[in-house]
Amino acid sequence: MKVALAQLNIVWENKQENKKQCSTLIEQAKKQYVDMILFPEMTLTGFSMNTEKLGEVIENSETIAFFKQKAQQYDITICFGMIIKNGEKSENHCMVINKKGELIADYTKIHPFSYGTESKFYSGGEHITYYTIDDITFSPLICYDLRFPEIFQVCSEKSYVITVIANWPTPRRCHWISLLKARAIENQCYILGINRCGSGDGLEYSGDSMIIDPYGKIVAMAKQSNQMLVVGDIDANIVTEYRKEFPLKQDRKSQLYSQMYQNKQ
């Protein structure tokens with residue numbers, strides 16, 4: 009499967025301008041015969057706490073309608089992030105639309121970024137999400153989730169590819185790169201890290217979007233910090249073969265780890 013990571017220079021809180029940029033990148037991806045394109049966290053707004061203005065309701069979401077139309081028009085699967093209103097607080101979601109324009113995955117970020125005040129405006133999710141495209145099972149995660157390896161272990165019980173859409177600032181770029189590689193090695197699966205570039209609300213973003221294989225090797229990576237597509241192939245057979253060759257998971261002791269947490273040993 010050929011995938012494209014859309015390293016987007018998100019225009020701060022401007023959905024219309026970002027729709028134009030997304031349309032251009034989707035068209036470029038289709039010209040490269042890409043099967044799936046993935047956009048950064050909060051694709052059309054940037055990492056905003058302005059939830060009252062920018063949040064949407066799933067049932068009549070303009071963002072979902074926009075990406076559904078593009079998925080059908082270009083016969084391409086699209087992964088994107090958005091703000092969903094849900095009660096007193098909103099939620100940070102990752103959505104996936106298939107080539108038929110159907111919503112096939114909807115993940116709520118489990119770990120709102122308290123250091124950046126996200127937890128004041130957003131509620132965390134409580135469930136892992138799985139979806140399958142061309143017989144390859146994926147799990148979507150979002151940005152700060154990357155720092156919590158436990159949920160990756162849950163994802164990789166079923167998934168061969170874990171995607172991390174993000175707005176990860178430049179000062180912590182070394183963490184971004186190191187953690188993405190570590191998660192691929194620990195879980196023996198592909199990790200797709202999709203980060204924004206440019207600036208927004210006073211923060212700079214370096215991009216560093218990349219595809220990492222189950223061995224921890226970077227298959228493709230953005231060489232520049234500007235807007236671009238990172239295109240590469242993923243092969244489920246590589247995951248299967250490596251897990252058979254080096255059966256790491258059989259030595260995990262999940263029940264013991266759970267007991268240790270509960271007993272605080």
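The opening position of the sequence shown corresponds to residue 9 in our numbering, with each subsequent residue numbered one higher.
We put the CB at the ideal spot given by N, CA and C, even for glycine.
- Per DSSP, residue 197 lies in no alpha helix (DSSP H) segment and is marked neither H nor E.
- The DSSP-derived three-state label of residue 179 is helix.
- The closest CA to that of residue 60, considering only 20, 95, 77, 9, is found on 95.
- Under the three-state reduction of DSSP, residue 40 is assigned to coil, being neither helix nor strand.
- For residue 229, the uninterrupted beta strand (DSSP E) run begins and ends at 226-229, by DSSP.
- The segment 9-17 makes contact with the segment 197-208; the number of CB pairs closer than 8 Å reaches 3 or more.
- In the DSSP annotation of this structure, the continuous segment of the alpha helix (DSSP H) that includes residue 247 starts and ends at 244-253.
- The closest CA to that of residue 178, considering only 264, 113, 232, is found on 232.
- With 16 or more other CB atoms across the displayed protein chains lying within 10 angstroms of its CB, residue 191 is buried.
- The three-state secondary structure of residue 156, taken from DSSP, is coil.
- With fewer than 16 other Cβ atoms inside 10 Å of its own Cβ, residue 156 counts as exposed.
- In the structure shown, residue 130 falls within a strand segment according to DSSP collapsed to helix, strand and coil.
- Residue 197 sits close to residue 170, with the two beta carbons spaced by under 9 Å.
- Taking residue 36 as the centre and dropping the five residues before and after it, the same chain places the C-beta of 237 closer than 7 Å to its C-beta, in chain order.
- Nearest to residue 246 by alpha-carbon distance, out of 235, 223, 265, 184, is 223.
- Taking a contact as a CB-CB distance under 8 Å, the pair residue 50 and residue 90 counts as one, their CB atoms being some 7 Å apart.
- Across the structure, residue 47 and residue 173 are spaced so that their CA atoms are roughly 7 Å apart.
- For residue 83 and residue 105, the gap between their C-alpha atoms comes out near 11 Å.
- Residue 141 holds the alpha-carbon nearest to the alpha-carbon of residue 111 among 141, 134, 261.
- If the five residues before and after residue 42 are omitted, its C-beta is found closer than 6 Å to the C-beta atoms of 10, 12, all from its own chain and listed in chain order.
- The residue among 124, 235, 234, 243 with its C-alpha nearest the C-alpha of residue 221 is 243.
- Burial check for residue 254: the Cβ neighbour count within 10 Å stays below 16, so the residue is exposed.
- Here residue 64 is bridged, per DSSP, to 92.
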